[in-house]
Ligand code: ZN
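Numbering (my numbering), first residue to last: 138 to 698.
Here it is, written out as structure tokens:
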């Protein structure tokens, strides 16, 4: 089924809720192992049906946020999904307490049950109104970002369309572009502040109602962090300060020298080469044609995967007014179809769509027949391992995207992989402080951000652009509003991806095999176990960060101009 033809109909709350309660009764009443397994399967299939509708309304709303119909459907799903949590939790409880639990564990392993136990800790019927409020506030943030219309260069542009100007060789153009976007954000500071204030309060209430002293631990449960906790994450951040920040600082100082500025301002930060960053060549059609060739050559499975995506029209990548910002990959269970959403803007970021987002899509494509589907659902760090490693494992095909600028692309990709990590852990540390101290006044949040900037990105000069100077950069980071504690995942995954890169430098085929094996496990193992079993150095041992970054640093030293 092609994406545009996938039928949508609103999952009516009463109908779905009643059906699920009936399944619950039948599951509890199962007298034999076979009966128990059969009802379990029916529940999975039924849930895939209405969940697919929620995914479809989300995707179609993001494709055109001005479409009233899907706006209404998205609002409806924001409101209904929390209400369905109650029966979902009862189902989880029934599975955990089932007399056939041992049989299910023997068939499917225990991870599914560990995850269920964690999920139970994230919900009580009392928090339904708070969850609805949280959804509503996140959607409001998203809508405000998508509504941006910036007058620049004689045009009216979205935030995504502003992207290429930040990499313009003319410093004045970069500065003006960054200012134009920042000024638009400054126009809405009361809204950014009040939305966040409400989100923090709502989440804190959720934490308290769930018996925690604040939201932080709930953030960990929601992200299904198994096998590590906040102490391990703290150790990782310390490792970053000790081993990655100095390397990133040196790379950024070299960048400043290369582009001929004495201080690296926010509008110089993305600009890596004096003659411009590597930009993809050709039209979006050319990019897709080469992407298809790349996956055809990479492996038989990736070839079939790409054909599947193109045949079913599972890409929407061109930017246009009213389309939501950023990029994502979602999965529509009924059609076993991943869907890739992006905003092409002519920068190297467009190629990420065919490597990073396609890495996500490839993983969900590979997991599409895993049963129970819960085991196909890997956690977020694992998902980012899939995507960020794919970015590196597709290096041999980059010439078809970047032509004579390929060497520049390699350099900027590898260097930004390293310089990204301090930013990523900064976002993570910020959120720990925020949710540990929910009464922090708005201006202190900005002060906190500035302190973290100095700790993690001491090379960056924030002056000249009030939005940054005031410590508001975090307000442009959607995850902080929409997906609390979803960020350390990228940093952990980046370390794993760099390990795959190191391995691919020595033996491409072996690295691909190792990666493909890891992808094949989908969500049947935890992040910690996947990394261990693949023989990749654990990011939770600080010294390993030095080992992993060393190879990248060596390559960068040899290949810098
Ligand atoms: Zn991703």
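No residue lacks a Cβ here, since even glycine has one placed at the ideal position from N, Cα and C.
Hey, would you say the C-beta of residue i is under 7 Å away from at least one heavy atom of ligand 1?
i: residue 570; result: no
i: residue 607; result: no
i: residue 524; result: yes
i: residue 521; result: yes
i: residue 493; result: yes
i: residue 616; result: no
i: residue 550; result: no
i: residue 497; result: yes
Can you pull the DSSP bridge partners for residue i?
i: residue 402; result: 598
i: residue 477; result: 452 and 466
i: residue 294; result: 287
To the nearest angstrom, report how far apart residue i and residue j are at their CA atoms.
i: residue 507; j: residue 658; result: 9 Å
i: residue 529; j: residue 207; result: 36 Å
i: residue 652; j: residue 531; result: 12 Å
i: residue 259; j: residue 362; result: 13 Å
i: residue 276; j: residue 162; result: 35 Å
i: residue 375; j: residue 679; result: 7 Å
i: residue 489; j: residue 238; result: 42 Å
i: residue 221; j: residue 186; result: 14 Å
i: residue 697; j: residue 464; result: 30 Å
i: residue 568; j: residue 229; result: 29 Å
i: residue 345; j: residue 431; result: 50 Å
i: residue 621; j: residue 560; result: 16 Å
i: residue 372; j: residue 413; result: 37 Å
i: residue 319; j: residue 479; result: 22 Å
i: residue 252; j: residue 437; result: 33 Å
i: residue 526; j: residue 179; result: 35 Å
i: residue 763; j: residue 368; result: Residue coverage of the chain in this structure runs from 138 to 698, which leaves residue 763 outside it and unanswerable.
i: residue 294; j: residue 285; result: 8 Å
i: residue 364; j: residue 667; result: 11 Å
i: residue 442; j: residue 245; result: 26 Å
i: residue 562; j: residue 686; result: 16 Å
i: residue 594; j: residue 565; result: 14 Å
i: residue 635; j: residue 236; result: 45 Å
i: residue 637; j: residue 195; result: 33 Å
i: residue 541; j: residue 556; result: 24 Å
i: residue 338; j: residue 601; result: 32 Å
i: residue 138; j: residue 449; result: 6 Å
i: residue 426; j: residue 434; result: 13 Å
Pop quiz: residue i and residue j are said to be a contact at Cβ under 8 Å. What is the actual Cβ separation, rounded to whole angstroms?
i: residue 396; j: residue 407; result: Wrong, their Cβ atoms sit about 11 Å apart, outside the cutoff.
i: residue 282; j: residue 462; result: 5 Å
i: residue 599; j: residue 403; result: 6 Å
i: residue 468; j: residue 501; result: 4 Å
i: residue 494; j: residue 474; result: Rounded, the Cβ-Cβ distance is 14 Å, inconsistent with contact.
i: residue 505; j: residue 513; result: 7 Å
i: residue 333; j: residue 341; result: Not confirmed; about 12 Å, so no contact.
i: residue 356; j: residue 572; result: 6 Å
i: residue 607; j: residue 597; result: At roughly 14 Å, the Cβ-Cβ gap does not stay under 8 Å, so residue 607 and residue 597 are not in contact.
i: residue 522; j: residue 481; result: Contact doesn't hold; Cβ gap of about 25 Å is too wide.
i: residue 271; j: residue 336; result: 7 Å
Is residue i near ligand 3, going by C-beta to nearest heavy atom under 7 Å?
i: residue 427; result: Of the ligands one can find in the structure shown, namely ligand 1, none is ligand 3.
- Are the stretch 415-432 and the stretch 473-486 touching by the rule of at least three beta carbon pairs closer than 8 Å? yes
- Should the stretch 654-670 be called in touch with the stretch 545-562, which here means at least 3 C-beta pairs below 8 Å? no
- Item | the stretch 572-580 touching the stretch 381-393, judged by at least three CB pairs closer than 8 Å | no
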